[in-house]
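Asker:
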Amino acid sequence: MNFKKLNIENKKIRDLIPQAITVLALLSAIIYFATNAQINMGNRGISFGFGFLNQEASFDITFSMIEYDGSHSYGRAFLVGLLNTILVSAIGIFFATIMGVIVGISRLSDNYLIAKVAEWYVEIFRNIPLILQIFFWYFAALRALPLPENAISFYDISFLTIKGWYVPKFVWANFNIFLLSVIAAFIAIYFINSYATKQREQFGKQIPSTIISLATLIFIPLTTFLFLGVSLTFEYPVLKQLSPTVFTYAGGVSIIPELIALALALSMYTATFIAENVRAGILGVGKGQKEAAASIGLNKNQILKLVVMPQALRIIIPPTTNQYLNLTKNSSLAAAIAYPDIVLVFAGTALMQTGRAIEIISITMLTYLTLSISISIFMNWYNKKMAIKEK
Amino acid sequence: MNLIAKPSKDNIKTYVPIGLFLVSLSFLDVFVNAFFNFNLMGFLPSQLSYFLPLILGYIGFYLIRIEFSGVRSLDILNKNINSNNFNALLTLFTIFIIIKSTPPMLDWFILEANFVGNSKDDCTGDGACWVFIKVWFNRFMYGLYPDSEQWRINTAFLILFTIVGISFFVSEKLKKYFILFLVFVFPFLGIKLISGGSFGLEYVESAAWGGLSLTFIISAFAILFCFPIGVILALGRRSSLPAIKYISIGFIELWRGVPLITVLFMSAVMFPMFLPDGTFIDKLIRVLIAITLFEAAYMAEVVRGGLQALPKGQYEAAKSLGMGYWRMNALIILPQALKLVIPGIANTLLALVKDTPLIFVVGLMELAGMIGLAKTNPKWLGMAMEGYVFAGLVFWVICYAMSRYSQNLERKLSTER
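Respectively, the protein sequence lines represent chains A and B. Take our numbering: the final residue in the first sequence is number 391, and no numbers are missing along the way. Take our numbering: the final residue in the second sequence is number 808, and no numbers are missing along the way.
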């Protein structure tokens, strides 16, 4: 009797008990697992530590954006894997966005056929597991491509073969100057746009900022070609005979089929989700908004740019960032077709060689976790910035 | 003068027949070209005959674009596929592509495909070799499960479907018991039946399980467990007790931040290190735990969305009736919150089903894994296309059916608020 009374009257104690139980349970679980791990590692004669990252990796990676061979360290191999993950994610995000926007807008088209085709694209590609799509592109579709000697050629500068896609290589002179000029152009565009916004908000003046920005972006880097000694030449891939029957392409850049299959599948799959976001965003802007904008005399482009898009983007961007995040995490499926991403290189090969399961899996998971959390922090910041400020 | 006039109601009698004739002619040309490989316009220069269908169709669509023609079917046609020049072009391109791609697809799937036989040599046509699917069908469904014991899997699923089927027709009161049986009793009965080891049934180790039945088993168990865990995590995240709140947040964000494949890797290579020496947990169970915890985190976020959407008045009303925390949540809050997020729940469950093929990383082979195994069989090389098209179709049917069912459920349960 007294016990029940005590519990109800003393809210502090009542709140404390479940919390204490949860924390204790969690702590004991952690301690239990940690002791087990220590005993197990002791039995196998390995000690916990990250020193192995400096050891020689002595395995090769088929595709690397930075200089790497077997004599480099495990840390370097990790970096190669991470860069490959970022590369395929960036390509996937780029194409998924373009396709998603096109499909999303097509679903709202007043052309019945286009709307239906877009709808079926979404229904088909969304409902097939991504891993099957990757397998399909890699094991079925890309394996049907011709051998190097019968390559599908695009105007003789780029060749598609079963061994990959060979494209011309950019050979730059004074690339740094060019890069600086592009950065300078972006800074200039930022100032032009903020000036245009100010003019619009204070005096109602419309400055064609898009055209000016585009001109700046083309004009400033172009001048470096003319005056500052920047030059760009192309190194084309050429067919080379290795033996009487074996041909290959030399020169240029080779894009491996694993990368093509992965990028294709990731972008086609994620595009369906982005398309749904875009559709929801555009539908989410009330009809009254467009009518109101038209009634104060804005033309069709102005309505789209000043009234519909800012509101639609507010609905579209948060879930789309989430999809970008999903795409990045899904790029880990690369391991299934041996594209050397962080999971295959680090959690696969490196783990097999060193046997350091705990360290390696933790590093891999932490990498993804850092990526996710930084994107969600950015998203929260963006949400706060874009939220409607009620007066 | 009359000939170049804008199409309008006045010249409808001349323009519409000409327009329709031109449009049909352009479709006919493409159709004959695609199906019979014969170029109707072959007598023209090759450049022209290539673009002619497009030009004819475009002019035809222009001629029949008459606003308020008074003919109902023409108005509907114009509104839907021919509202302006750009739309007419899009329509033409779409129809041309559909016509052009039909014959090769038809050839590959049916006309040139092989259905008879039982080895790769029987596949002589250019199309798909469905013999591959036929021969391996048993393996694709049951994995490496012994042939003589497969009736056990069939029985388990048959019982499941029968109970689900009956429960649609019985009264509400009985339905409750059926659902309780399905959730609390049947899963363990079913798994006992499939794994065997007692009642005179031969023991079949989980490494031999596979194929589509394994997809169903894993999906069913993961759905069963991830739902309650997700609800508890969501409640935990909304709790006013700081320790529970932050532990829940940490747990949810940890799982949501990493890809499933690393979680499965963890369950395969890292988890055994955390167990006392000599203990061994079955691979299937480890995978099941990993998938369940992973999806529970996503489920928690979906349920949290529903909890947040409920007006505060619901909580206050429940409390003012003297309900405690658990009664309030079970009777007032959750029924409403869960109904709000049915689409989200369905999407999470769909994602779960679509994630099951990933178990290949730990060496378990469901449908996609079995196809990977079959296509590397020396007698059946080069069958990747057939295998993955088949697997894609199977998964598509399952996922599409699930998403349609969730849409129906949402409509059925929606109440005016």
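Even for Gly, the Cβ is constructed at its ideal location relative to N, Cα and C. Bear in mind the structure is a predicted one, so any value in this text is a computation, not a measurement.
Once DSSP output is grouped into helix, strand and coil, what is the label at L232 of chain A?
Answerer: Three-state result, L232 of chain A: strand.
Asker: Which residues mark the beginning and the end of the beta strand (DSSP E) in which S254 of chain A is found?
Answerer: Unbroken beta strand (DSSP E) run through S254 of chain A: 253-255.
Asker: Would you give the residue range spanned by the alpha helix (DSSP H) that F63 of chain A belongs to?
Answerer: Careful: F63 of chain A lies outside any alpha helix (DSSP H) and carries neither H nor E.
Asker: What first and last residue would you give for the alpha helix (DSSP H) that runs through F616 of chain B?
Answerer: Counting along the chain, the alpha helix (DSSP H) containing F616 of chain B begins and ends at 602-628.
Asker: For the alpha helix (DSSP H) that contains G591 of chain B, what are its first and last residues?
Answerer: Here G591 of chain B belongs to no alpha helix (DSSP H), and DSSP marks it neither H nor E.
Asker: In the DSSP assignment, find the unbroken alpha helix (DSSP H) run with V421 of chain B in it and report its ends.
Answerer: V421 of chain B -> alpha helix (DSSP H) spans 403-427.
Asker: For the putative contact between G100 of chain A and A275 of chain A, defined by C-beta atoms under 8 angstroms, what is the C-beta separation to the nearest angstrom?
Answerer: Rounded, the Cβ-Cβ distance is 5 angstroms, consistent with contact.
Asker: Can you check which of these residues, A:I128, A:Y166, A:S332, is closest to L262 of chain A by C-alpha distance?
Answerer: Measuring from the Cα of L262 of chain A, the nearest candidate turns out to be A:S332.
Asker: Report yes if the C-beta distance between G602 of chain B and G534 of chain B is below 8 angstroms; otherwise report no.
Answerer: Yes. Within cutoff.
Asker: If I measure Cβ to Cβ from E56 of chain A and keep anything under 7 angstroms in the same chain, skipping five residues before and after, which residues do I get?
Answerer: S71, S73.
Asker: Got a sec: is the Cβ-Cβ distance from Q19 of chain A to anything in chain B below 8 angstroms?
Answerer: With 8 angstroms as the cut-off, Q19 of chain A counts as an interface residue toward chain B.
Asker: For the beta strand (DSSP E) that W165 of chain A lies in, which residues bound it at each end?
Answerer: From DSSP, the beta strand (DSSP E) with W165 of chain A extends over 164-167.
Asker: Could you tell me the alpha carbon to alpha carbon distance between S797 of chain B and L214 of chain A, rounded to whole angstroms?
Answerer: About 46 angstroms.
Asker: For the pair the region 644-651 of chain B and the region 666-678 of chain B, tell me if three or more CB-CB distances fall below 8 angstroms.
Answerer: Flag = no, the region 644-651 of chain B and the region 666-678 of chain B do not touch.
Asker: Report yes if the CB atom of M65 of chain A is closer than 8 angstroms to the CB atom of L82 of chain A, and no otherwise.
Answerer: Against a cut-off of 8 angstroms, the Cβ pair of L82 of chain A and M65 of chain A comes out as no contact.
Asker: If I measure Cβ to Cβ from I134 of chain A and keep anything under 7 angstroms in the same chain, skipping five residues before and after, which residues do I get?
Answerer: If we look at I134 of chain A and ignore the five residues flanking it on each side, its Cβ neighbours are A261, L262, A265, L333, A336, I337.
Asker: Does the Cβ of R808 of chain B have 16 or more other Cβ atoms within 10 Å, making it buried, or fewer, making it exposed?
Answerer: The pLDDT assigned to R808 of chain B is 49, lower than 50, so where the model puts this residue is not dependable; a value taken from the coordinates is nonetheless given after this. It is exposed - the Cβ of R808 of chain B has fewer than 16 other Cβ atoms within 10 Å.
Asker: Compare the C-beta of R463 of chain B with all C-beta atoms of chain A and state if any pair is closer than 8 angstroms.
Answerer: Chain A contact via Cβ: absent.
Asker: With H, G and I counted as helix, E and B as strand and the rest as coil, what does DSSP make of V246 of chain A?
Answerer: Three-state DSSP puts V246 of chain A in coil, outside helix and strand.
Asker: Can you grab the Cα-Cα spacing for the pair A140 of chain A / M690 of chain B, in whole Å?
Answerer: The straight-line gap from Cα to Cα measures roughly 34 angstroms.
Asker: Starting from the beta carbon of R143 of chain A, find every residue of chain B whose beta carbon is closer than 7 angstroms, and list them in chain order.
Answerer: Chain B residues near R143 of chain A: A775.
Asker: Using three-state DSSP, classify F154 of chain A as helix, strand or coil.
Answerer: Correct three-state label for F154 of chain A: strand.
Asker: Distance, Cα to Cα, L411 of chain B vs G164 of chain A?
Answerer: Distance between the alpha carbons of L411 of chain B and G164 of chain A is about 47 angstroms.
Asker: Could you spell out where the alpha helix (DSSP H) holding V752 of chain B opens and where it closes?
Answerer: No alpha helix (DSSP H) contains V752 of chain B, which DSSP labels as neither H nor E.
Asker: Under a CB-based cut-off of 8 angstroms, is N111 of chain A close to chain B?
Answerer: Judged by the 8 angstroms Cβ criterion, N111 of chain A is in contact with chain B.
Asker: Kindly indicate which residue of A:L179, A:I21, A:S231, A:V246 has the alpha-carbon position closest to the one of E149 of chain A.
Answerer: Comparing Cα-Cα distances from E149 of chain A to each of A:L179, A:I21, A:S231, A:V246, the minimum goes to A:V246.
Asker: In the DSSP output, what is E757 of chain B paired with across the bridge?
Answerer: Its beta-bridge partners are B:G602.
Asker: Would you kindly work out how many angstroms separate the C-alpha atoms of F95 of chain A and G669 of chain B, rounded to a whole number?
Answerer: Taking the straight line from one Cα to the other gives about 49 angstroms.
Asker: Less than 7 angstroms between C-beta atoms, sequence neighbours within five positions excluded: which residues of the same chain meet that for T364 of chain A?
Answerer: Hits under 7 angstroms: I342, V343, F346, A347.
Asker: Figure out for me which residue from A:K205, A:S58, A:L298, A:G251 has the closest Cα to the Cα of F392 of chain A.
Answerer: Nothing in the structure corresponds to residue 392 of chain A, since chain A is present only between 1 and 391.
Asker: At least one CB of chain B closer than 8 angstroms to the CB of L232 of chain A: is that the case?
Answerer: Output row for L232 of chain A: interface = no.
Asker: What do you get for I557 of chain B, buried or exposed, if any count of 16 or more other CB atoms within 10 angstroms of its CB means buried?
Answerer: It is exposed - the Cβ of I557 of chain B has fewer than 16 other Cβ atoms within 10 Å.
Asker: Could you work out which residues of chain A lie near V660 of chain B, taking near to mean beta carbons separated by less than 8 angstroms?
Answerer: Going along chain A in sequence order, the residues near V660 of chain B (Cβ under 8 angstroms) are L351, A357, I361.
Asker: Between which two residues does the alpha helix (DSSP H) holding L729 of chain B run?
Answerer: Counting along the chain, the alpha helix (DSSP H) containing L729 of chain B begins and ends at 725-731.
Asker: Does the beta-carbon distance from L584 of chain B to A547 of chain B come in below 8 angstroms?
Answerer: The answer is yes: Cβ separation under 8 angstroms.
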